[in-house]
Structure formats: C-alpha cells, structure tokens
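In what follows, a structure is listed as structure tokens, so that the remarks can point back to it.
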Amino acid sequence: MRANGDRMMKPARPVGIVGYGAYVPRYRLPGTEISRLWTGGTEPPPVREKAVPGLDEDVVTMSIEAARNALARAGIPANRLRAVWVGSESHPYAVKPSATIVAEAIGATPYVQAGDWEFACKAGTEAMQAAIGLVGSRMADYAMAIGMDTAQGRPGDALEYTAGAGGAAFVLGPAEESLAIIEGSLSYVTDTPDFWRRAHARYPEHGGRFTGEPAYFHHIVEAARQLMEALGTRPEDYTYAVFHQPNVKFPQKAAKTLGFRPEQIQTGLLVDEIGNTYAGSCLIGLTAILDEAQPGDRILAVSFGSGAGSDAFSLVVTEAVLERRDRAPRTRDYIARRVVIDYATYARYRKKIVLDTAA
Amino acid sequence: MHPARAWRGRSQRYRLEGEICEGCGARLFPPRDICPECQRPARTPYPLSGRGEVYSYTVVYEPPAGYEEQAPYIVALIKLEEGPLISAMLTDVEPEEVYIGMPVEMVTRVLHRQGERGVIAYGYKFRPVLRRMATMPAQPATVTA
C-alpha cells in the first residue's frame with residue numbers, strides 16, 4: 001500500500017451515484033445592479049449574475065425539487081432510501097430538520113435516517129461522504145445526500161455579489177447500479193476561521209484576504225493532490241474537474257495550481273451564471289458535468305467549506321448515464337430559465353425590507 | 001394554521017397524494033374516503049402525477065392574513081390529468097403570462113410563514129412546465145467504462 005493510501009477513503013462495498021438532480025431558482029440579479037447601488041457602478045462584479053430564490057422558496061423547497069429529479073434518474077422508489085441528508089448553511093429552521101420535510105415530500109418516510117448537516121460550503125459533500133459510508137458498509141442500499149443553499153450576504157459586502165441560490169441532490173447506491181462509480185474520496189480538515197456566522201447573526205463575517213491562501217487554496221489543493229496520489233492518477237487522466245466556486249477566479253487558480261487545463265473545468269464552472277451556491281456549489285457543478293459526460297470519463301470533484309476543509313471525490317462515468325440523464329431536467333435547463341430582477345425586487349425577495357406582518 | 005392541521009394534511013399538500021376508488025377507478029383529490037362517483041369507500045392512497053392545465057384563474061391583490069408578503073399572486077383552478085379539479089396558487093409566472101389551458105406541473109413551495117417564529121407551511125403550487133433545452137451534442141461512439 002502506498003504511504004498515504006489509508007488517507008483515502010474507500011468503502012468495503014463499491015459505491016456510486018445512482019441518480020442526481022439539480023435545482024436553480026429562476027431569478028437573476030446582475031452584479032452591475034449591486035455595484036450601481038453600493039459603489040456607484042465603479043466596481044467590476046466578481047460574477048456576472050447570481051440566482052435568487054423566489055418568495056415561496058427556501059432550502060427545503062429547493063431540496064425537494066432536486067431530490068425528485070435525483071429519484072427520477074435513479075429509478076428507485078423513495079421508500080428504498082435509508083437516509084435523506086440535507087447539507088446547508090441556510091436551513092429555514094434553527095431547530096427542526098429540513099430533512100424530515102424533504103423526506104416526507106418525496107415519500108421516503110418513515111423508515112429513513114433524516115438529518116441536517118452543517119459545514120459552511122461543504123455540508124453537502126460531507127453528507128455525500130457519509131452516504132458513501134452508509135451504502136458501502138451495507139447498512140443501506142440507497143442514501144440521499146443534498147447540498148443546497150440560499151446564501152446570505154450583507155448588503156454592500158463583497159459577498160453580496162456572489163451569494164447565490166441552488167444546489168443538487170444525489171442518490172448513492174451500489175456501484176453496479178451507478179451512472180458514476182466513486183473510485184475513492186478524501187477529506188482534509190483543519191481549524192481555520194476564514195468565514196463564520198454566529199448563532200443568531202443574520203449575515204456571515206469573513207477574514208477578507210485570509211479566505212484565500214490558508215483557507216480555500218490550501219484545503220482544495222491538498223485534498224485533490226492527496227487523493228490523486230493515493231489513486232495514482234494525474235490531472236491528464238481526468239476529462240472533467242470541478243472545484244468549489246466562491247467566484248470565477250478561485251477555482252481557475254486552484255485548477256492551474258493542480259495542473260488542470262481550463263477546458264477540464266469549463267463544464268462544471270457555473271458561478272458566473274448562478275453565483276456561489278455554497279453547500280451546493282461543487283455539487284451542482286458535478287451535475288452539469290454528468291449531464292454531458294460520456295461513459296469512461298473520469299471526474300474530480302473537490303468541495304471547500306470554511307472553517308475549514310475539503311472533500312475530494314474521484315468518479316468514473318458508466319454507460320447508465322446515457323439512458324438516465326434525460327429522465328429529469330438538466331442543470332442547464334434551470335440555468336436557461338432566467339428572469340432578471342433589479343435590486344429593489346431582490347431586496348423584497350430576500351426579505352431585506354421588513355414588513356412586520358407577524359401575527 | 002395550527003401545526004396539527006398542517007401535519008394531518010402533509011401527504012396531500014407536500015406531494016399531491018390523493019385516493020383511488022377501488023370500485024370505479026376514480027381518482028380523488030383531496031382525499032375524502034368516499035367516492036363521489038359511486039359512493040363506495042375509497043381509502044387507497046394514490047400519488048397524482050402533478051401534471052395538468054389551467055382551467056381558470058384570478059389575481060389576488062388583497063390577500064388574507066399570512067399571505068401579504070406574496071401578493072399579488074395568482075390562484076388557479078387546475079384540471080389534473082387524472083381528472084380532479086383543484087384550486088392552487090401559481091408560481092414562477094407573471095399574471096400576464098397565464099392563459100386558460102396552460103400546461104402546468106406541481107411543485108412544493110412555501111404556502112405561508114407565520115412571522116419569524118411560527119411553523120412554515122409547505123404545500124403544492126403549480127408552475128408552467130419547465131422548458132427543456134432542445135438537444136444536446138450528438139453522442140459519440142460507445143466507450144466501455
């Protein structure tokens with residue numbers, strides 16, 4: 001065994017993605033609308049536009065739609081799921097699981113694990129690692145992991161340009177039924193306070209430039225490098241790679257550092273069109289790749305969550321993807337569904353205007 | 001809405017679960033346990049597809065308490081493909097875009113929130129059928145994984 005072989009995680013029973021589904025709300029706020037309001041239009045926005053949820057949407061409703069899409073592709077009844085796990089940093093309740101509502105809505109209750117995961121932007125891949133373990137240990141045949149967010153950004157803060165909405169759901173199951181087999185995964189975690197939100201705070205705080213090198217780049221690059229080393233793979237072995245996308249530049253730089261070419265990350269790089277979807281970011285990029293990938297293609301997916309850590313996954317696409325991908329809307333169908341709004345509408349939709357209609 | 005009331009109706013409101021009459025095959029929504037067609041017991045749960053079309057609609061500008069934040073909104077009668085006619089809010093569509101006969105599909109959304117502290121009520125709404133992009137690039141020759 002290689003020196004770091006045991007750093008990689010690989011279940012006793014081979015596991016893969018049996019079904020996947022994405023969701024992006026239809027509203028878009030252009031970055032120029034934010035800079036018009038707060039900087040007089042002088043600041044070039046870090047992303048062209050971001051997705052904004054409607055008044056009747058939250059992490060629960062968005063997760064339900066992504067979960068229904070994932071189940072449609074998996075072709076299994078919901079009551080065969082033994083876990084429904086929702087990773088997010090915008091759960092609508094502080095106490096009361098999002099996952100029970102999602103599980104009930106898709107028909108997975110009552111013989112199911114349900115819980116909410118929190119690890120900033122990597123809560124979704126954290127749930128995915130656990131789902132791989134649950135299926136890989138034969139405790140369950142199928143488990144659902146969701147990464148979904150309606151990200152918060154303080155008005156006028158740098159994060160307001162990018163804090164978007166969207167995410168993805170995955171049904172993990174036996175490798176022989178999978179549309180993409182997981183070759184191995186690796187988690188890399190340290191205590192790095194680059195971004196946080198205290199219990200009753202409305203908006204998060206961040207460490208400015210500190211969020212770059214010691215946080216995002218260190219964890220992403222280490223997780224990816226260590227996983228590839230353990231698997232004996234190199235960047236050129238991958239058709240696609242997708243990294244957490246807080247903006248356009250960070251994943252581009254991480255890819256370059258690791259030795260990936262721009263065309264390898266192009267398909268999964270959605271941040272310029274939908275913003276940073278936090279716990280959904282790397283995962284929805286992965287769905288866009290699965291929408292286009294061919295059997296035999298290898299994919300590297302690496303998340304990043306502040307606080308901080310990265311989960312890296314190496315996947316190989318199978319024949320099953322060709323038949324299953326059109327059982328549900330593709331990620332690009334949701335991105336193409338686009339209604340541009342102004343800052344005033346955004347302020348209303350994101351409840352930045354206090355109506356005080358509470359009973 | 002009292003949490004108990006929302007809880008009792010969760011199957012029908014979250015996922016449009018109706019009933020089927022084992023006697024005459026009628027699909028019922030909302031569930032009512034007795035078939036209105038043949039008056040026999042009808043208690044078998046039946047998941048409705050969620051597909052249908054707008055039968056009629058109106059725009060609500062003066063909402064009841066609890067719905068203020070969403071006004072103006074559209075309430076429609078939806079003719080489900082299985083037969084039942086139900087009333088529901090439309091979402092992800094502007095009033096000027098709606099027409100009678102518009103194909104719609106069910107989505108689960110927030111119906112109303114009881115301020116900052118109350119329970120959040122989720123349930124079915126309908127939206128125009130999501131448009132699929134025409135075609136993707138042609139598939140190359142099969143490759144074995």
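Chains as they are written, first to last, in my numbering: chain A, 1 to 359; chain B, 1 to 145. Here a beta-carbon is modelled for each residue, glycine too, at the ideal position from N, C-alpha and C.
In this structure, GLY21/A sits away from ALA78/A, with a CB-CB distance that is not shorter than 7 Å.
Counting C-beta pairs closer than 8 Å gives three or more between the region 17–33 of chain A and the region 279–288 of chain A, which meets the contact rule.
For ILE120/B, the chain A residues whose Cβ falls inside 7 Å of its Cβ are PRO92, in order along the chain. Identification of residues in the region 36–66 of chain A having a C-beta nearer than 7 Å to some C-beta of chain B yields GLY54, LEU55, ASP56, GLU57, ASP58, VAL60, THR61, ILE64 and GLU65, given in sequence order. For ILE101/A, the C-beta contacts it makes with chain B under 8 Å involve TYR14 and TYR122, in order along the chain. Contact with chain A is absent for THR44/B, since none of that chain's Cβ atoms lies less than 7 Å from the residue's Cβ. Leaving aside the five residues that flank ALA347/A on each side, the residues in its chain whose CB is nearer than 7 Å to its CB run, in chain order, ILE353. Distances from the CA of ARG234/A to each of ALA215/A, HIS219/A and ALA255/A were compared; the closest alpha carbon is that of ALA255/A.
Assigned with DSSP and collapsed to three states, ASN69/A falls in helix. Judged by beta-carbon spacing, ALA312/A lies beyond the 7 Å limit of THR192/A, meaning their Cβ atoms are not closer than that value. Under DSSP, PRO174/A takes part in a beta bridge, and its partners are VAL15/A.
Distances from the alpha-carbon of LEU322/A to those of ILE335/A, ILE34/A and GLY296/A put GLY296/A closest. When C-alpha distances from ARG113/B are compared across GLY25/B, PRO103/B, ARG10/B and TYR67/B, the shortest belongs to TYR67/B.
Taking the beta carbon of ASP333/A as reference, the chain B residues within 9 Å of it are LEU130, ARG131, ARG132 and MET133, listed in sequence order.
Taking a C-beta distance under 7 Å as the contact criterion, GLY115/A and TRP85/A qualify as a contact pair. VAL75/B places its beta carbon 7 Å or farther from that of VAL54/B. A straight line joining the alpha-carbon of SER310/A with that of VAL189/A spans about 6 Å. According to the DSSP secondary-structure assignment, PRO128/B is paired through a beta bridge with VAL104/B. In the DSSP secondary-structure assignment, ASN276/A is bridged to ALA163/A.
Excluding sequence positions up to five before and after TYR111/A, its CB lies within less than 8 Å of the CB of ASN79 and ARG82, all in the same chain and listed in chain order. By the Cβ-count criterion, ALA344/A is exposed, with fewer than 16 other Cβ atoms from all chains shown falling within 10 Å of its own Cβ. Note: GLU19/B is bridge-paired with LEU28/B and PRO45/B in the DSSP secondary-structure output. Within the same chain, Cβ atoms closer than 6 Å to the Cβ of MET9/A are found at SER185, the five residues on either side in sequence being excluded. Annotated three-state conformation of HIS218/A is helix, per DSSP. By the Cβ neighbour-count rule, MET148/A is buried, with 16 or more other Cβ atoms within 10 Å of its own.
Annotated as proximal: PRO128/B and VAL93/B, with beta-carbon spacing under 7 Å. Ranking ASP157/A, TYR27/A, GLY40/A and SER178/A by CA distance to the CA of LYS50/A puts TYR27/A first. Chain-ordered, the chain B residues with CB closer than 7 Å to the CB of GLU104/A read ARG10 and TYR14. Residue-level contact by beta carbon fails for PRO246/A and chain B, as no gap is shorter than 7 Å. Within 9 Å of the CB of LYS125/B, the CB atoms of chain A belong to ASP56, in sequence order along the chain. Separation of MET128/A and ILE100/B (C-alpha to C-alpha, rounded to the nearest whole angstrom) is 43 Å.
A direct Cα-to-Cα measurement between PRO46/A and MET106/B gives close to 35 Å. Along the region 196–228 of chain A, there is no position whose C-beta sits under 8 Å from a C-beta of chain B. Annotation for GLY212/A: PHE250 place their beta carbon closer than 8 Å to its own, counting only its chain and skipping 5 residues before and after. Put simply, the region 252–270 of chain A does not touch the region 139–148 of chain A. Fewer than three CB pairs are less than 8 Å apart.
Considering only SER49/B, PHE29/B, CYS21/B and TYR46/B, the residue with the shortest C-alpha distance to GLN39/B is CYS21/B.
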